[in-house]
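Residues 88 to 609 in my numbering are what the sequence shown lists, from first letter to last. Structure, as C-alpha cells:
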Amino acid sequence: MAIEMKVPAVGESITEVTVATWNKKEGDYVKLDEVLCELESDKATFELPAEAEGILHIVASEGDVLPIGAVICSIEPAAGVSISATPVVAEAAPAAPVVQADATPAPVAVAAAPSTNATVLEVKVPAVGESITEVTVSVWNKKSGDSVKLDEVICELESDKATFELPAEATGILEIVAESGSVVSIGGLLAKITVGAVAAAPVAAPAVVTPAASAPVVAADSSYATGHPSPAAAKILDEKGIAASAVAGSGVGGRITKEDAQNAVPGAQAAPSVAAPSLVAAVSNDPSDARGVRREKMSSLRKTVARRLVAVKNETAMLTTFNEVDMKPVMDLRSKYKDKFKEKHGVGLGFMSFFTKAVCVALKEFPSVNAKIDGEEMIFHDYCDISIAVSAPKGLVVPVIRSAEHLSLAGIESEVVRLAVKARDNKLSLEEMSGGTFTITNGGVFGSMLSTPIINAPQVAILGMHNIVERAVVVDGQIVVRPIMYLALSYDHRIIDGKESVSFLVRVKQLLEDPARLLLDI
C-alpha cells in the first residue's frame, strides 16, 4: 500500500510552502530518510526526507504552492522487495510467473564492498561561527562511491559570511547525503565515510522476465496525470486563456508542466505525443525566443547581505553628509615618494592608507562615530578596527584591519593587499570579517562620482570615497583646476548628532589636504 507524504508543520506562523527543487524523479527508487525535495517558506528552506523505502510518485511539481498537510508525493513499496537497509530483488518463480503492478526492481549496484570490520563514520557540518546556524553545500569535489583519503578536501561549504573547505575525517568510501545546493544546519549530516571498505565495480541486476514484460509500458499515473496541468501550469494557462485540452503534456504520464504552459500558443491544437518535437521546434524558431531569461538561486551570502541592508534602512535613523577634498597634496606626495616607498616596503603607496590614517585620527576626536548601540546602551571603542569593503567574486565582503591606529602607512597598505587577495580567492576567515568599528568603501574605483553608502551594522557610520575628477575651484581668489574627490559620511542619527558628523568629515578633509598633519599627529 502506497504511503502518502504530506507537507509537515514547519512553524506556527507558516501556512504554506513552495516546492523548490526535486532531488528525485518520478519512478525513482528511494531509501528511508533520503532527501526527496526542498520546500521553501517565507522564512526558511526545509528538506523533505522519505518516510519509507520504495518507488516515488510525485504529485506536486516544482513551483507548486501547497498548504500544510497537503499531499506532495507517495511512496509505493517495490513488489518483492523487503524493507531493509539493503534492497534485494526477488527472483520470479519459474513455475508460476507473477504479474506485478510495479515491476521496477530495486537497484543492486554496489558502491563499496565493506570488509568484515568496516565502520561507517558520519560527516557532519562543523560549528563555523557563533552567529552561523546553517550552511549551503556549494560544490562536491568527490562523488558517491569515490575513495577519499584522510584530510582530503571533499566539498566546499558556503555560509552567509565566508566559504569553507571540508576535509575528510578518515580514509574510506564516500557516500554523499546532502547534494550540492542543499542548505544544512550546523551539526546536520553531510555524508558518510565507510572506513575499511574498498571500491567495487557496479554489479548489474539480473533480468526478471515476466509475462508483463512483453506488454507496452504504461505510466502508473497515466490515469490521472494525462492532460492535467500542474498548479503552476494551470495558472499560466488561465492567464493566457488556453484550455488544458489544447496543450500536449510532456511531463510524467502526459502531465502538463509549467514549461508546456509557457510554450503554449493561443489557438494551437493539442498534438499527439509523437508530434511534440515538431511543435517545440516551431515555437523555438520564433524570433521572440532569442531573448533568453536566466534564473539563479541567490547564494547564502547574497541573501544575508540583502537582508541586512534592508534591516539597516528600517532600523536606523540614517543620514548622509557630504564634503569635497582637494587631492592634489596627497597625489603630489605619492608621485614624489611612491618608487622609494615600494622599494623599501614592497607594497605600493595607495590612497587607502591615507584615508585610513585620517579616519583613525578623526575617530579619536569624535568617539561617537566609532561607537555602536546595544539595546539602551552605547558602547564606545578605544581602538580603530577599520572595515574595508571589497567586491569579491561571490559578493561584497568587509574584511577588517585590526588596530589600524597603530599601523604605519606601509602596514596599512600591506594589510589591504593581503585581505584583498584572500577576498578574491574566497579564503577570508570569519575572524577577518568580524568586529569592525568603522567602514570605508571606495566606489570611485568603479567610476562612482557620488553615493550614499549604507551603514555596516552594528557600526554607526561609514565613509564613502568616490572618483577623482579635475574641477575648476577657487584657491586664494584664483580659479584653478584641482583633482577633487567627493566624500560621503552616512551615520546613525540616534547616536551621532549633525554637528559631530559634519565636524568629523571636515577633520578628515583637513588631514587629507595637508598630509603633513598625519606625520606630525596634529
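Every residue gets a Cβ at the ideal spot worked out from N, C-alpha and C, and that includes glycine. The structure presented is a predicted model; accordingly, all values stated were derived computationally and were not measured.
Beta-bridge partners of residue i, as assigned by DSSP
| i | result |
| --- | --- |
| N529 | M552 |
| V224 | L244 |
| Q546 | K459 |
| K327 | None; K327 has no bridge partner. |
| A559 | V568 |
| N350 | In the DSSP output, where bridge partners are listed per residue, N350 has none listed. |
| S272 | E221 |
| L483 | S478 |
| T344 | Answer by DSSP bridge pairing: none, since T344 is not bridged. |
| E519 | For E519, which the question treats as bridged, DSSP gives no partner whatsoever. |
| C160 | M92, I145 |
| V412 | M572 |
| T407 | S577 |
| L253 | C242 |
| Y116 | I142 |
| A335 | Partner(s): none; A335 has no beta bridge. |
| A278 | V210, I263 |
| S234 | I260 |
| I488 | I473 |
Residue interval of the alpha helix (DSSP H) (run including residue i)
| i | result |
| --- | --- |
| S422 | 415 to 432 |
| I596 | Reading the sequence as shown, one finds Lys at residue 596 and not Ile. From DSSP, the alpha helix (DSSP H) with K596 extends over 585 to 600. |
| E452 | 438 to 452 |
| V122 | Not the alpha helix (DSSP H): V122 falls in the beta strand (DSSP E), residues 122 to 127. |
| S501 | 496 to 511 |
| L607 | 603 to 607 |
Terminal residues of the beta strand (DSSP E) in which residue i lies
| i | result |
| --- | --- |
| A575 | 565 to 579 |
| L153 | 152 to 154 |
| I142 | 141 to 145 |
| A107 | 103 to 109 |
| T132 | 132 to 136 |
| L261 | 259 to 263 |
| I541 | It is not in any beta strand (DSSP E) - I541 carries neither H nor E in the DSSP assignment. |
| E464 | 464 to 467 |
Cβ pair residue i, residue j closer than 7 angstroms
| i | j | result |
| --- | --- | --- |
| M572 | I555 | yes |
| A257 | I241 | no |
| V104 | L153 | yes |
| D347 | G336 | yes |
| V106 | E149 | yes |
| E243 | E252 | yes |
| A491 | V485 | no |
| T408 | V264 | no |
| L576 | L550 | yes |
| G344 | A321 | According to the sequence displayed, residue 344 carries Thr and not Gly. Result no, Cβ atoms of T344 and A321 do not sit closer than 7 angstroms. |
| F453 | E587 | yes |
| V547 | K451 | no |
| L126 | F133 | yes |
| I90 | E113 | no |
| G314 | T281 | no |
| E500 | S422 | no |
| G283 | A205 | yes |
| V270 | V212 | no |
| I101 | S128 | yes |
| V207 | K279 | yes |
Supposed contact pair residue j and residue i - C-beta distance, whole angstroms, cut 8 angstroms
| i | j | result |
| --- | --- | --- |
| G474 | F525 | A quick correction: the sequence has Ser, not Gly, at residue 474. Between F525 and S474 the Cβ distance is about 7 angstroms, and since that is below 8 angstroms, they are a contact. |
| L135 | D115 | Not quite, the Cβ-Cβ distance comes to about 14 angstroms (not below 8 angstroms), so this is no contact. |
| P353 | K327 | 6 angstroms |
| S246 | V226 | Their Cβ separation, rounded to whole angstroms, is 14 angstroms, which puts S246 and V226 out of contact at 8 angstroms. |
| G531 | M552 | 5 angstroms |
ask   = Three or more beta-carbon pairs under 8 angstroms between the region 466 to 485 and the region 598 to 605, yes or no?
value = no
message = Between the region 499 to 509 and the region 538 to 555, can you find at least three pairs of beta-carbon atoms closer than 8 angstroms?
response = no
ask   = Does the region 392 to 410 touch the region 556 to 566, meaning 3 or more C-beta pairs lie closer than 8 angstroms?
value = no
ask   = Using 8 angstroms as the Cβ pair cut-off and three pairs as the minimum, do the region 577 to 584 and the region 422 to 438 touch?
value = no
message = If contact is defined by three or more beta carbon pairs under 8 angstroms, each pair taking one atom from either stretch, is the region 132 to 151 in contact with the region 110 to 122?
response = yes
ask   = Counting pairs of beta carbons, one from the region 481 to 489 and one from the region 408 to 418, are three or more of them closer than 8 angstroms?
value = no
ask   = Is the region 431 to 451 close to the region 460 to 467, with three or more CB pairs under 8 angstroms?
value = no
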